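What follows is one structure encoded as structure tokens, with my remarks underneath.
Numbering (the working numbering), first residue to last: 337 to 430.
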């Protein structure tokens, strides 16, 4: 966990991922969340690092989670972290 605190009135967590030697590390951002682990703590894949904040100033009517992926100052597609799946298909009812 490399950052946990308020940004723009919302709780934000940043987890820095290990990178190969010489490569810039990637950072995953989550908001609005409340940290469950301290900054500086090493976390493993699948470990709970925080929970969504209730009543956080947001455009969403209920709870929601915004997440991002960066390398340096460049934004990347966070979906690239998820397992690849075949395209979804709609089936007829019944």
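No residue lacks a Cβ here, since even glycine has one placed at the ideal position from N, Cα and C.
Keep in mind that this is a model prediction, so the values were computed, not measured.
How about residue i and residue j: are their beta carbons less than 9 angstroms apart?
| i | j | result |
| --- | --- | --- |
| residue 405 | residue 412 | yes |
| residue 361 | residue 353 | yes |
| residue 337 | residue 387 | no |
| residue 401 | residue 368 | yes |
Do you know how far the Cα of residue j is from the Cα of residue i?
| i | j | result |
| --- | --- | --- |
| residue 363 | residue 416 | 13 angstroms |
| residue 370 | residue 385 | 9 angstroms |
| residue 359 | residue 414 | 18 angstroms |
For residue i, is the beta carbon positioned less than 8 angstroms from some heavy atom of the ligand GDP?
| i | result |
| --- | --- |
| residue 396 | You won't find the ligand GDP in this model; it holds no ligand whatsoever. |
Out of the options, which has the shortest C-alpha to C-alpha gap to residue i?
| i | options | result |
| --- | --- | --- |
| residue 389 | 339, 408, 345 and 338 | 345 |
| residue 366 | 341, 356 and 407 | 341 |
| residue 356 | 407, 339 and 373 | 407 |
In chain order, what are the residue ranges of uninterrupted beta strand (DSSP E) at least 3 long that sit wholly in the region 343–393?
If we require 3 residues or more, the beta strand (DSSP E) runs fully inside the region 343–393 come out as 346–352, 362–367, 369–371 and 386–388.
Report yes or no: do the region 370–384 and the region 420–428 share at least 3 C-beta pairs separated by less than 8 angstroms?
Too few Cβ pairs lie closer than 8 angstroms, so no.
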